[in-house]
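This report concerns only the one structure given below.
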Amino acid sequence: MTLDPSTPVLIGVGQAVDHWDGSDAAAAPSPQSLMQRAAEAALTDSGAADAVRAAIDVVTVVRHFADSAPGMVPEGFGGCDKPPLGLAKRLGVTPVRAIYSIVGGQSPQSLVNEFAAAIHAGEARCVLLSGSEAIAAAKTAARKGIALDWSETIEGVMEDRGLGPMLLDRHELKNGIGAPILTYPLFENALRARLGRSKVEHVAEMSELWAGFSQVAARNPYAQFPRAMSADYLATPSDGNYPVADPYLKWHVAQDAVNQGAAVILTSVGQAEAMGVPRARWVFLHGSGEAMDKPVSLRTDLSHSRAIEVSLNGALASAGKTTADIAHYDIYSCFPVAVLLAAEALGVDWRTTPLTLTGGLPFSGGAGNNYSMHAIAAMAETLRADPGSYGLVLANGGFLSKEAVGIYSTTAPESWSPVDHAPMQAEVDAQPSPERLEEDAVGTIESYTIGYAKGVPARAVVIARTDKGRIVARPDDADKAGQLAALADPAHDPIGRTVAIRHADGVNSFTVAA
Numbered sequence: 034m035t036l037d038p039s040t041p042v043l044i045g046v047g048q049a050v051d052h053w054d055g056s057d058a059a060a061a062p063s064p065q066s067l068m069q070r071a072a073e074a075a076l077t078d079s080g081a082a083d084a085v086r087a088a089i090d091v092v093t094v095v096r097h098f099a100d101s102a103p104g105m106v107p108e109g110f111g112g113c114d115k116p117p118l119g120l121a122k123r124l125g126v127t128p129v130r131a132i133y134s135i136v137g138g139q140s141p142q143s144l145v146n147e148f149a150a151a152i153h154a155g156e157a158r159c160v161l162l163s164g165s166e167a168i169a170a171a172k173t174a175a176r177k178g179i180a181l182d183w184s185e186t187i188e189g190v191m192e193d194r195g196l197g198p199m200l201l202d203r204h205e206l207k208n209g210i211g212a213p214i215l216t217y218p219l220f221e222n223a224l225r226a227r228l229g230r231s232k233v234e235h236v237a238e239m240s241e242l243w244a245g246f247s248q249v250a251a252r253n254p255y256a257q258f259p260r261a262m263s264a265d266y267l268a269t270p271s272d273g274n275y276p277v278a279d280p281y282l283k284w285h286v287a288q289d290a291v292n293q294g295a296a297v298i299l300t301s302v303g304q305a306e307a308m309g310v311p312r313a314r315w316v317f318l319h320g321s322g323e324a325m326d327k328p329v330s331l332r333t334d335l336s337h338s339r340a341i342e343v344s345l346n347g348a349l350a351s352a353g354k355t356t357a358d359i360a361h362y363d364i365y366s367c368f369p370v371a372v373l374l375a376a377e378a379l380g381v382d383w384r385t386t387p388l389t390l391t392g393g394l395p396f397s398g399g400a401g402n403n404y405s406m407h408a409i410a411a412m413a414e415t416l417r418a419d420p421g422s423y424g425l426v427l428a429n430g431g432f433l434s435k436e437a438v439g440i441y442s443t444t445a446p447e448s449w450s451p452v453d454h455a456p457m458q459a460e461v462d463a464q465p466s467p468e469r470l471e472e473d474a475v476g477t478i479e480s481y482t483i484g485y486a487k488g489v490p491a492r493a494v495v496i497a498r499t500d501k502g503r504i505v506a507r508p509d510d511a512d513k514a515g516q517l518a519a520l521a522d523p524a525h526d527p528i529g530r531t532v533a534i535r536h537a538d539g540v541n542s543f544t545v546a547a
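Position in the sequence shown (first residue = 1) + 33 = the numbering used here.
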């Protein structure tokens, strides 16, 4: 088969990890150094490093966590003011475009989708996508009082795409929905209720799922936490696995204290041939899907994700494939519910179908917005080792808010054209939203969570239903969070209980009936 020379193709991938312990300040990794290591590895992986380096005309960096969520990363270490230009300078590359992405874990796959289309249209020649986090180094240095200076000022013009659209609205933020650790449990507990499981049963399910992920991480040379953990350990509260937010213990959630970088290089078939990239390095994007969901409290059903369902179905349809054709998966795994909902949407059994190539965000490491760059890199390596097979990557951003999917194979597509994601978005937008209330009310708890600080209930959120609509509420003091926690022991379930809600000054506060 003669390939259209404008067909986009992935030609190089690279990853880096650093387990710096703080004993030698000079050896501390930085976000810049980790990106450079990953990008150099991707250039080498292409098999034509010099030619590829000279051809790169677009450098894009996934937005660092320090520029995405202020306060989440220790301050005082500085950073590069223009990360894509800083990376280009370190690599000796002179790009025509330098882009700093929006916030969100969907970014790596969304950028692949975007620049595959740009390459096909002749708008880009050779694109380097990269990202990194050195949050572990920052935390280690802050704890040990080590001075690190990552400041770097670079000349040139960078396209800064900013933070992107708001994923929560003011109503939600006022009433307790905000941090991921207090939002994903709302989906998790809603799913548990739909499936008719007790909290103990669902924690056991989450822990069994995650035990398998940890075993993959233990074999991954780029994992930050390469230790296999048993389902019993993951299900049991302990000093090393303490409650963070009902129903989650520490190791049920993404771990962001990582020093990791990853990079991917895209070009066209014609350019790959001109640069002398060996055919054995080529991996093709066969289909893609993207969709963004409504704010959390305006979604029809908290136990489903229309954005996940639609983007997965759209990607498979655009590739002309079904799940029966997919041999390899990496499903975004910030919290168990993301994997469980994706598995349900795909119709696969996670006990028999592995859904991670890296070990996932709790064990391989939750590298800020950049985790799925590692997933794409691992997918390329897996497909090269299993030529002709197909793989699927699902990247997730926000609160099951922004989804991006890619279908990959070393087999070339018969023809290639960009996928129109607009119909997928329209399908998500069409879901009806419940009436959202701001008034005194008595309702039934639809979902909830309790956030813990050093083992003590500190925060809580409930989402309740009345005959008029849905209402989001928070406790007006820590005692109310403790009251809810007392009703969430293994023998009880807050879901379905009656809750009284008082509205004042735009805030809903709850009291649970005894």
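Note that beta-carbon positions come from the ideal geometry of N, C-alpha and C, so glycine has one too.
Keep in mind the model is a prediction, meaning the values are calculated, not measured.
Query - Assigned secondary structure, ARG530 (DSSP; H/G/I helix, E/B strand, else coil) - result: coil
Query raised in the report: With contact counted as at least three CB pairs below 8 Å, one residue from each stretch, are the region 429-447 and the region 487-505 in contact?
Result: no
**Report entry** Alpha-carbon spacing of ALA352 relative to SER39, whole angstroms
**Finding:** 18 Å
Query raised in the report: Are THR575 and ALA411 touching if we call contact CB-CB under 8 Å?
Result: In the structure as shown, the chain starts at 34 and stops at 547, and residue 575 therefore has no counterpart that could be examined.
Report task. Tell whether a beta-carbon distance below 8 Å holds between ILE483 and ALA474. Result -> no
Query raised in the report: What does a CB cutoff of less than 6 Å around ASP193 pick up in its chain, not counting 5 residues either side in sequence?
Result: TYR133
Query raised in the report: Would the beta-carbon of VAL92 fall within 8 Å of that of LEU161?
Result: yes
Query raised in the report: Can the beta-carbon of THR355 be found less than 8 Å from the beta-carbon of CYS159?
Result: no
Query raised in the report: Are there three or more Cβ pairs, one per stretch, closer than 8 Å when the region 396-403 is compared with the region 249-262?
Result: yes
**Report entry** Cβ pair ALA455, GLN293 closer than 8 Å
**Finding:** no
Query raised in the report: Within the chosen definition, does the region 363-374 reach the region 276-286 through at least 3 CB pairs nearer than 8 Å?
Result: yes
Report task. For PHE293, name the three-state secondary structure that DSSP assigns. Result -> One detail in the question is off: residue 293 reads as Gln in this sequence, not Phe. Correct three-state label for GLN293: strand.
Query raised in the report: How long is the line joining the alpha carbons of THR173 and ALA99, rounded to whole angstroms?
Result: 16 Å
Requested in this report: Keeping to the same chain, check which residues put their C-beta closer than 8 Å to that of THR477; ignore five residues upstream and five downstream.
Outcome: Excluding residues up to 5 positions away in sequence, ALA497, ARG498, THR499, GLY529, ARG530, THR531, VAL532 lie with their Cβ nearer than 8 Å to the Cβ of THR477 in the same chain.
Query raised in the report: Are the region 164-173 and the region 79-98 in contact at 8 Å, needing three or more beta carbon pairs?
Result: yes
Query - Cutoff 6 Å; reference ALA237; Cβ partners in own chain excluding five residues on either side - result: Here the set comprises ALA268.
Query - Three-state secondary structure assigned by DSSP to LYS122 - result: helix
Query raised in the report: Using the C-alpha atoms, what's the distance from ALA75 back to ALA264?
Result: Using only the alpha carbons, I get a separation of about 35 Å.
Report task. Determine contact between the region 417-426 and the region 273-284, defined as no fewer than three beta-carbon pairs at a distance below 8 Å. Result -> No, the region 417-426 is not in contact with the region 273-284.
Query raised in the report: In whole angstroms, what is the alpha-carbon distance linking ASP272 and GLY322?
Result: 41 Å
Query raised in the report: Does the separation of the CB atoms of SER480 and LEU219 fall below 8 Å?
Result: Closer than 8 Å, so yes.
Requested in this report: Can you say whether ALA244 is buried or exposed, counting buried as having 16 or more other CB atoms within 10 angstroms of its CB?
Outcome: buried
Query raised in the report: Which value, in whole angstroms, describes the spacing of the CA atoms of PRO64 and ARG535?
Result: 46 Å
Query - Where ASP363 sits in the DSSP three-state scheme - result: strand
Requested in this report: Can you say whether PRO465 is buried or exposed, counting buried as having 16 or more other CB atoms within 10 angstroms of its CB?
Outcome: exposed
Query raised in the report: Anyone know if the C-beta pair for GLY138 and ASN429 falls short of 8 Å?
Result: yes
Query - Those runs of the alpha helix (DSSP H) which lie wholly inside the region 193-266 and span at least 4 residues - result: 203-207, 213-228, 232-251
Query raised in the report: Can you tell which of PRO107, ARG332, SER344, ALA59 has its C-alpha closest to the C-alpha of MET457?
Result: SER344
Query raised in the report: Which of helix, strand or coil does DSSP assign to THR499?
Result: coil
Query raised in the report: When the Cα of GLY80 is compared with those of ALA223, ASN541, GLY309, which residue comes out closest?
Result: When only C-alpha atoms are compared, the closest one is GLY309.
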